[in-house]
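A.B. asks:
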Amino acid sequence: MSGFVLRWLFAFILLAATFNPTQYSYVRWVQQNGTESLSIAVLCGLLLIIGYIIYVRATLRSIGVVGMALVLGVVGAGLWVAFDLGWMSFDNPTANTWVALVALSFVLGVGLSWSHVRRRLSGQADMDDVDE
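Just so you know, we're using our numbering here: the sequence shown kicks off at -9 and counts up by one.
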């Protein structure tokens, strides 16, 4: 379980580093200082893109678009239940942004972890197609 938590945490950090409702995100930093430090902005942007390629590619290969939609649907249904039970409200846009970051990072965390879960459940390892 700690492997999943670690993969989810890195997905959350990747998403939150890109954008979050505070002033401490790549998007806000580039909006305020991007022209002054263009080379640093480009370097950081490329590093973020590499992180997204790793996560999104692994997620698409392991659970696909349908799996991503299903995981996001389960998270959305869970949020709906929490709203109906009065555990949360969607009145605060800042809180909504954090909830969206957690939900999206959960999808990426599941996608990156799914091959490990499937191997443990079925005993079968996933193999990439090898071109000859």
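Beta carbons: idealized from backbone N, C-alpha and C, even for Gly.
Predicted model, so just to flag it, every value in this text is computed and none were measured.
Within 10 angstroms of its Cβ, does residue 1 collect 16 or more other Cβ (buried), or is it exposed?
C.D. replies: Looking up residue 1 in the sequence shown gives position 11. Result: buried.
A.B. asks: Could you give the DSSP three-state label for residue 77: helix, strand or coil?
C.D. replies: To locate residue 77, count along the sequence shown from 1; it is residue 87. Residue 77 falls in the coil class under three-state DSSP.
A.B. asks: Starting from residue 2 and walking both ways along the alpha helix (DSSP H), at which residues does that stretch end?
C.D. replies: Working through the sequence shown from its first residue, we reach residue 2 at position 12. Start and end: -8 to 8.
A.B. asks: Apply the 10 Å Cβ neighbour rule to residue -8 and answer buried if 16 or more other Cβ atoms are within range, or exposed otherwise.
C.D. replies: Residue numbering aside, residue -8 sits at position 2 when the sequence shown is read from its first letter. Its Cβ having fewer than 16 others within 10 Å, residue -8 is exposed.
A.B. asks: Does the contact criterion of 3 or more C-beta pairs under 8 Å hold for the region 81 to 100 versus the region 34 to 41?
C.D. replies: The answer is no - the region 34 to 41 does not touch the region 81 to 100, with fewer than three Cβ pairs under 8 Å.
A.B. asks: Start and end of the alpha helix (DSSP H) containing residue 16?
C.D. replies: Mapped onto the sequence shown, residue 16 falls at position 26. That run of the alpha helix (DSSP H) goes 16 to 23.
A.B. asks: Residue 9 and residue 99 - do their beta-carbons sit closer together than 8 Å?
C.D. replies: The residue given as residue 99 occupies position 109 in the sequence shown. The residue given as residue 9 occupies position 19 in the sequence shown. Result no, Cβ atoms of residue 99 and residue 9 do not sit closer than 8 Å.
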